[in-house]
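FYI, in this note's numbering the residues of the sequence shown are 29 to 334.
Beta carbons: idealized from backbone N, C-alpha and C, even for Gly.
None of the values given here were measured: they were computed from a predicted structure.
In what follows, a structure is listed as structure tokens, so that the remarks can point back to it.
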Amino acid sequence: MSSPDASPVRDHLLALQDRICAALEAEDGRARFREDATSLGEGGTIARPRALEDGAAIEKAAVHFTHARGDRLPPAATARRPELAGVRFEAVSLSLIVHPQNPYVPTSHMNLRFFATEPARDPSGWWFGGGFDLTPYYAFEDDAVHWHRVARRACRDFAPDAYARFKKWCDEYFYLKHRGETRGIGGLFFDDLCEGGFEHSFAFVRRVGDAYLEAYLPILRRRKATPYGEREREFQLHRRGRYVEFNLVYDRGTLYGLQSGRRVESVLASLPPLVRWRYAYRPEPGSPEARLTEEFLKPRDWLAGE
């Protein structure tokens with residue numbers, strides 16, 4: 029039994045990478061993505077990493093495409109699927125992160141990936157994973173509601189419970205246990221997705237990829253010119269520390285990249301360019317900074333009543 033052909037997924041993610049990079053460059057208005065030369069790594073890995081730095085609106089963005097083949101999945105990929113240890117695989121992925129200049133603009137993240145084993149294994153020798161999530165530094169309910177409305181629309185044709193299911197999974201996955209808080213306001217997260225067959229699952233992944241710019245660009249446009257000072261910048265750097273903690277302690281994608289022997293520069297491209305940890309830092313009670321942790325960094329139904 030053979031797994032589905034990864035070629036259409038590869039072609040779609042390459043085109044999506046081009047489209048997202050062009051949109052982010054246009055929105056920034058100054059900086060351009062740098063593309064490292066397409067590289068062929070061990071085991072047949074083809075990578076097209078792109079990074080943008082020091083833009084007018086975007087301090088750092090990374091939009092990386094990878095197509096890998098290998099004889100053995102790394103531990104991060106088999107921890108929940110031990111039956112796949114030692115199996116040949118093919119993986120196609122697009123991963124992106126945007127760290128804005130302005131503290132009033134949230135950080136955004138998306139990852140889309142397709143895995144296939146050869147020969148295919150039951151219950152499925154292939155699956156999709158991914159999603160997108162938003163990490164604000166200041167609490168704006170209209171941004172959170174907009175983000176989740178777009179996420180819900182992306183799920184509409186997949187399954188009746190898809191948004192509720194993948195939103196809950198996102199809240200649970202992007203959770204810093206040692207801090208007792210979510211990384212941000214969530215969005216969508218799914219893994220081991222093969223329900224309804226390849227075409228049905230792939231159509232859903234395409235909708236999620238298309239929804240990212242629809243969800244993020246209006247927020248970036250609305251907030252990028254908001255005046256801010258040193259206080260807001262310091263808080264942004266402090267909150268970025270939480271982002272780093274999650275990626276280095278919990279994120280399976282980071283572990284997968286490091287265990288696969290990938291180019292470290294690409295694996296860690298999701299980290300912000302500047303960050304700060306202050307010992308025993310607490311926001312001033314009643315401040316906008318305190319409102320973030322008190323009201324936003326916990327699972328919440330942003331579309332209640334709609």
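{"Check": "Coarse secondary structure for D171, derived from DSSP in three states", "Outcome": "helix"}
{"Check": "Beta-bridge partners of R76, as assigned by DSSP", "Outcome": "F93"}
{"Check": "Counted within 10 angstroms of its Cβ, other Cβ atoms place G157 as buried (16 or more) or exposed", "Outcome": "buried"}
{"Check": "Buried versus exposed, by CB contacts within 10 Å (16 or more), L320", "Outcome": "buried"}
{"Check": "Reduced DSSP secondary structure (H/G/I, E/B, other) of T321", "Outcome": "helix"}
{"Check": "Cα-Cα separation between L41 and P300, rounded to whole angstroms", "Outcome": "24 Å"}
{"Check": "Selected residue, minimal CA-CA separation from R267, among L162, I247, H92, F93", "Outcome": "L162"}
{"Check": "Outcome for P255 when other beta-carbon atoms lying within 10 angstroms are tallied against a minimum of 16", "Outcome": "exposed"}
{"Check": "Exposure of Y309, with buried meaning 16 or more beta-carbon neighbours within 10 Å", "Outcome": "exposed"}
{"Check": "Same chain only: Cβ atoms within 8 Å of D185, ignoring 5 sequence neighbours per side", "Outcome": "A231, F232, R235"}
{"Check": "Supposed contact pair E63 and R76 - C-beta distance, whole angstroms, cut 8 Å", "Outcome": "7 Å"}
{"Check": "The region 235 to 251 touching the region 176 to 192, judged by at least three CB pairs closer than 8 Å", "Outcome": "yes"}
{"Check": "Cross-strand partners of K88 (DSSP beta bridge)", "Outcome": "E81, H127"}
{"Check": "Identity of the residues DSSP links to A203 by a beta bridge", "Outcome": "Note that residue 203 is Tyr in the sequence shown, not Ala. Beta-bridge pairing links Y203 to T210."}
{"Check": "Inter-stretch contact (C-beta, 8 Å, three-pair minimum) for the region 125 to 137 and the region 262 to 279", "Outcome": "yes"}
{"Check": "Residues near W197 in its chain [Cβ-Cβ closer than 7 Å; skip 5 each side]", "Outcome": "F217, F218"}
{"Check": "Between the CA atoms of D170 and R11 - distance to the nearest angstrom", "Outcome": "Absent from the structure is residue 11, since the part of the chain shown begins at 29 and ends at 334."}
{"Check": "Beta-carbon proximity check, H95 vs W330, cutoff 9 Å", "Outcome": "no"}
{"Check": "9 Å Cβ cutoff, L241 in contact with chain B", "Outcome": "The structure shown contains no chain B; it is built from a single protein chain."}
{"Check": "Separation of L140 from A43, as counted between CA atoms", "Outcome": "13 Å"}
{"Check": "Pick from T282, S315, A332 that is closest to S123, judged by C-alpha positions", "Outcome": "T282"}
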